[in-house]
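Down below is the structure, laid out as structure tokens.
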């Protein structure tokens, strides 16, 4: 390993073991290599020339959900996420990453047209090849056990959210909505709900069209080149649009623009000032609705109706890293009143971890099943959240453990609250 | 290790034996910061597998080093002579909690906090609470006889172990102790195993005493101008006939270390802090909390903060629990000692430590269990300056000598392990023939050391279990 910054970062780890108590993966692996302390020791060993096999270190560093819980618990504030991501990037340069990831990040996700084509191909394939599974969250398709581990995926719509916008809709405005790939192509209803409710602020709202992927999947996989390509393109265009604020319905996309971007665009980069401009104006969905005045236009929520049946799952990046958990709760209380109740295990990671779900579906789903089961046992009927990965994961998990549990984005609940379609929120 | 031995272990454990370099690196450290690579790591799931591993070790003559969470401060779980690290982390069942006879039966890999929580749910209390309770394991606590914050009122791990099942160095399984409140049949093998640092046997099951859960608790943080004022307050509290469940002292450097992790407002002139906790009935806690605050203020406290709800108490405790790992931010190497002196000599010891730091030109951070007279003396060094290392080494020896002179002990809760070796190691290489005996003899005398070594021979005639610990000069097998 070569990154000169890594040594200073790993040197702070006192090997105390605090990270074991909060690690999402440790209860599954029951081995030190799963936790931050072990990964830091491996990076240290590689840096000091002890020469563990690079592919094995890459494997160990990839085996992490990047939930950030260890970093927040660490008494020495060791920057574990940065160590893991820098380590992955360093090793990706040294020994590469799997070919499918290179194609996905470098060719598909960086290009809006290629993403659209991929979505259409996937939609056709799932209709032809997969079995239908009705759930309360909408129609899903199930992979056969042998190929996709029995996972369910949502039915891909004929049209994405952005393509469904009418020609004169949302071309320019003081507020920009960064929908994100998943809410555009997979759950367009979330994109629409976010758009309509952000508009309730009374501000003019533009949807950021032809966006590249936020870059997070590429970055966490160590593919810094693809990640930089995505980020730089987005930053240039967002800066040129000169919005007052940029609203993110997805916590992971927001993290990319608020924080991770500076690892790809450091101070010496000519785009640095533009990245700062974008970061300063990037806000999470709930904070925007609360601060923009939209919340004041919400009708009063009903009292004492289905008390505590709607819960909120804390996305690791949004609530943990960016500290936006209270805002989401305040918004929910305002939108659905007594129906919102604190969910059992709300701050536990759902086990998705983006590419982690793809590489180890059995473990990812065990973590997710526990999450959804605990919520259901605690009386939560509707799990709401604000991250695209968490929604993908928990809908799949609900289909596995309790199809009666509905998983929605908080924007959908806010939209229902505005429209008065409270019953609809629970029926659909 | 001989390939034949590895292959026999692989046949026994399947994929629960790992010998890749990555896994070996991940089991090469503990909280001392030292590293020794094992030849392999075993993850047995029951007592029979532990026994089989030890039998193989006797046949092939390789060391077996039991390991809980690897959070120890004395190097007790480091494989200093290679061999197999035997991780108990997959033996983590709470087998039973008996609310009538007040005991729990657990496997060694149970995390201390998990047992405490399970007991709490049954209205019971497992008092030992090492600072690492959220991740340290019961097996590790027993091997090192872990103490903790509430030892001043409740005692240490030893006081809660009723009985044990352990695999001896011979591969025999012994059951010791009782499940009753009393028992005096024969020698107390349970007490002998507790604190033996995995050199006599590997605990595979433990019967632990529980007590009724106190109704209420409250925590106070009192800030004083200096260590002497804090110590005087401790003595005044004892004289006032209150037994707090914790009396923790932190010197100014320790407080400064954790300001980032657990910020606390410090009045001007703060020189030390005392963290106090009382538990009992709601009424007694309220009364004693008032009395503690009065006593502290009368003793010159600059400020007193109180908390009786769980989040507030956690916040105050975070200050204390974050100190040890946070020292890493100041210096890469810490010589971490845990001496105990009679409480009446605490103030003298603090004065001596201040004088010593100045005279030897080393940085010393002190904190610990003032109620027990137990001070964590941490000498912080760079590890790269030979002269500084020599000065620190001399300081440690002086601390030990003064401690024994005062009628104290050189280790209250960390154990001997190899913790006094790292700075010597810098000069002479990895533990090559370093004798730990002088420090040990200083306290227990040559005959004491000799009896201990003879006992070791009875339990582990081939020197299989955790070689290179306690008596660093013993002849032992190498992997």
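Chains as they are written, first to last, in my numbering: chain A, 1 to 428; chain B, 429 to 907.
We treat Cβ as the ideally placed atom computed from N, Cα and C, and that holds for glycine.
The model shown is predicted, which means the values in this text are computed figures rather than measured ones.
- Between the alpha carbons of residue 786(B) and residue 5(A) lies a distance of about 35 Å.
- Under the 10 Å beta carbon count, residue 588(B) is surrounded by 16 or more other beta carbons and is classified as buried.
- Pairwise C-beta distances place the region 398-416 of chain A out of contact with the region 355-363 of chain A, as fewer than three of them are shorter than 8 Å.
- In the displayed model, residue 61(A) falls within a helix according to three-state DSSP.
- Counting only residues of its own chain and dropping the five nearest sequence neighbours on each side, residue 407(A) has a CB closer than 7 Å to the CB of 137, 383, 391, 394, 395, 398.
- Contact with chain B is absent for residue 197(A), since none of that chain's Cβ atoms lies less than 9 Å from the residue's Cβ.
- DSSP lists 512(B), 893(B) as the beta-bridge partner residues of residue 492(B).
- Taking C-beta atoms as the reference points, residue 698(B) and residue 653(B) count as a pair closer than 9 Å.
- Boundaries of the beta strand (DSSP E) around residue 765(B): 761-768.
- When Cβ pairs closer than 8 Å are counted between the two stretches, the region 769-783 of chain B is seen not to touch the region 710-730 of chain B, the count staying below three.
- Nearest to residue 521(B) by alpha-carbon distance, out of 546(B), 801(B), 638(B), is 546(B).
- Less than 9 Å separates the beta-carbon of residue 539(B) from that of residue 497(B).
- At least one beta carbon of chain A lies nearer than 9 Å to the beta carbon of residue 461(B).
- For residue 284(A), the uninterrupted beta strand (DSSP E) run begins and ends at 282-284, by DSSP.
- Separation of residue 808(B) and residue 347(A) (C-alpha to C-alpha, rounded to the nearest whole angstrom) is 37 Å.
- Taking a C-beta distance under 9 Å as the contact criterion, residue 638(B) and residue 694(B) do not qualify as a contact pair.
- At a Cβ-Cβ threshold of 9 Å, residue 85(A) and residue 260(A) count as neighbours.
- None of the residues of the region 293-324 of chain A has a beta carbon lying less than 8 Å from any beta carbon of chain B.
- Chain-order list of chain B residues neighbouring residue 52(A): 449, 450, 453, by C-beta distance under 7 Å.
- Around the beta carbon of residue 875(B), fewer than 16 other beta carbons lie within 10 angstroms, which makes this residue exposed.
- Rounded to whole angstroms, the separation of the alpha carbons of residue 42(A) and residue 83(A) is 11 Å.
- Taken in chain order, the members of the region 560-584 of chain B whose beta-carbon sits within less than 9 Å of a beta-carbon on chain A are 560, 562, 563, 564.
- In this structure the region 602-614 of chain B does not touch the region 832-840 of chain B; the number of beta carbon pairs closer than 8 Å is below three.
- Taking 9 Å as the cut-off, the Cβ atoms of residue 35(A) and residue 47(A) do not count as close.
- In terms of Cα proximity to residue 622(B), the closest of 633(B), 570(B), 759(B) is 570(B).
- Residue-level contact by beta carbon holds for residue 17(A) and chain B, with a gap shorter than 9 Å.
- DSSP lists 533(B) as the bridge partner or partners of residue 524(B).
- An exposed status is given to residue 615(B), since fewer than 16 other beta-carbon atoms sit within 10 Å of its beta-carbon.
- Between residue 513(B) and residue 505(B), the CB-CB gap stays under 9 Å.
- Counting only Cβ-Cβ distances below 8 Å, residue 497(B) has contacts in chain A at 17, 20, in chain order.
- At least 9 Å separates the CB of residue 234(A) from every CB of chain B.
- The alpha-carbon separation between residue 173(A) and residue 201(A) amounts to approximately 12 Å.
- In this structure, the beta-carbon distance from residue 767(B) to residue 839(B) falls below 9 Å.
- Look at residue 457(B) here: in three-state DSSP terms it is strand.
- Pairing residue 706(B) with residue 528(B), the inter-Cα distance amounts to about 26 Å.
- Collapsing the DSSP output to three states places residue 806(B) in a strand.
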